[in-house]
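Since the structure comes first, as structure tokens, the remarks are kept for the end.
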Amino acid sequence: MGQKQVNLLFKVLKILQKEGVLKHLVVAGSWCLYFYQFYFEKQQPIASLRTRDVDFLIPEPSSIKLKINLPDLLKDLGFVTDFRGEEGYIRLIHPEFFIEFLVPEKGRSFAKAFPLPQLGMNAQALRFMDILYLETITLKVQGVKIKLPHPACFLLHKIIIYTRRPEVEKRAKEIEQINRMLDFLTKEDEFHSLKMVFLKLHKKWRIRVINNLKNLNKKEIIDILQ
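Going by our numbering, the sequence shown opens with residue 4, and the numbers climb by one from there.
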């Protein structure tokens, strides 16, 4: 993560806020680690960022009553529209990073892109996204109100999904972020919030968390959660 990326992201966020979109979004993915420094009042991100993804989660797509065209709005910043895979997922591509939208998968797997005609976009439906908005926090940074998963939600989501990463490099990145977040929450004495969110998960998801923590040899964390 470089300053050029940060500057560009805030330009995007300010446009989304001006157009009334940002209040419907939750920042997801690795960029949360950048913004958590403001929540915990630290001088630098919790972990180094090596990502070109900016993921926006839309918990309730039907709540967006707008009619705008995001690709057109971001075109002047240098973003171009890209269609990915057979499903035609839309990404907005820039040399610094690319933007994708995500929605929680409901019921059976949704193989096609989820339409977002209100934004002139579509989204990818993914499992376990619900965890990221069980508890959220709102920060105001550089005049922009940003909604994020509570750090405990972010961590539990990472613990659940890391085993679903087939690529060795991506799995290693997820494990690194899990370890950094565990260390950080230990220092901040935040494990009470981790257990609080853990108990809100579906039983099957709680079992998955415990099993994945066993695979990571995190017995001390399991003892806290159980």
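C-beta: ideal position from N, C-alpha, C; glycine also.
C-alpha distance - residue i paired with residue j, whole-angstrom precision
i	j	result
Gly146	Lys217	42 Å
Glu22	Thr139	22 Å
Lys190	Gly91	43 Å
Val212	Val15	34 Å
Ser65	Ile162	29 Å
Phe194	Lys221	14 Å
Arg209	Leu11	37 Å
Ile71	Leu80	17 Å
Gly110	Met132	13 Å
Asp186	Lys115	38 Å
His97	Leu73	14 Å
Lys173	Gln20	31 Å
Val144	Lys45	13 Å
Residue j beta carbon less than 7 Å from that of residue i
i	j	result
Leu228	Phe201	yes
Leu18	Leu76	The question names Leu, yet the displayed sequence has Ile at residue 18. In contact: Ile18 and Leu76 (Cβ atoms closer than 7 Å).
Gln121	Ile61	no
Ile178	His160	no
Lys26	Glu99	no
Tyr165	Val29	no
Glu108	Arg130	yes
Val57	Trp34	yes
Leu95	Phe82	yes
Tyr42	Leu188	no
Ile149	Met124	no
Residues of its chain near residue i, where Cβ-Cβ distance is below 6 Å and the 5 sequence neighbours each way are ignored
i	result
Val106	Ile61, Pro64, Phe117, Ala126 and Ala128
Met184	Leu158
Residues sharing a beta bridge with residue i, DSSP
i	result
Glu138	In the DSSP output, where bridge partners are listed per residue, Glu138 has none listed.
Arg87	Tyr92
Lys150	Thr141
Phe59	Val30 and Phe104
Met132	Bridge partners of Met132: none, in fact.
Nearest-angstrom beta carbon gap, residue j and residue i [assumed within contact, 8 Å]
i	j	result
Phe13	Leu151	That belief does not hold up - the Cβ atoms of Phe13 and Leu151 are roughly 15 Å apart, past 8 Å.
Arg55	Phe101	6 Å
Residue i Cβ short of 6 Å to the ligand FAD heavy atom set
i	result
Phe59	Looking at this structure, you won't find the ligand FAD or any other ligand, since it has none at all.
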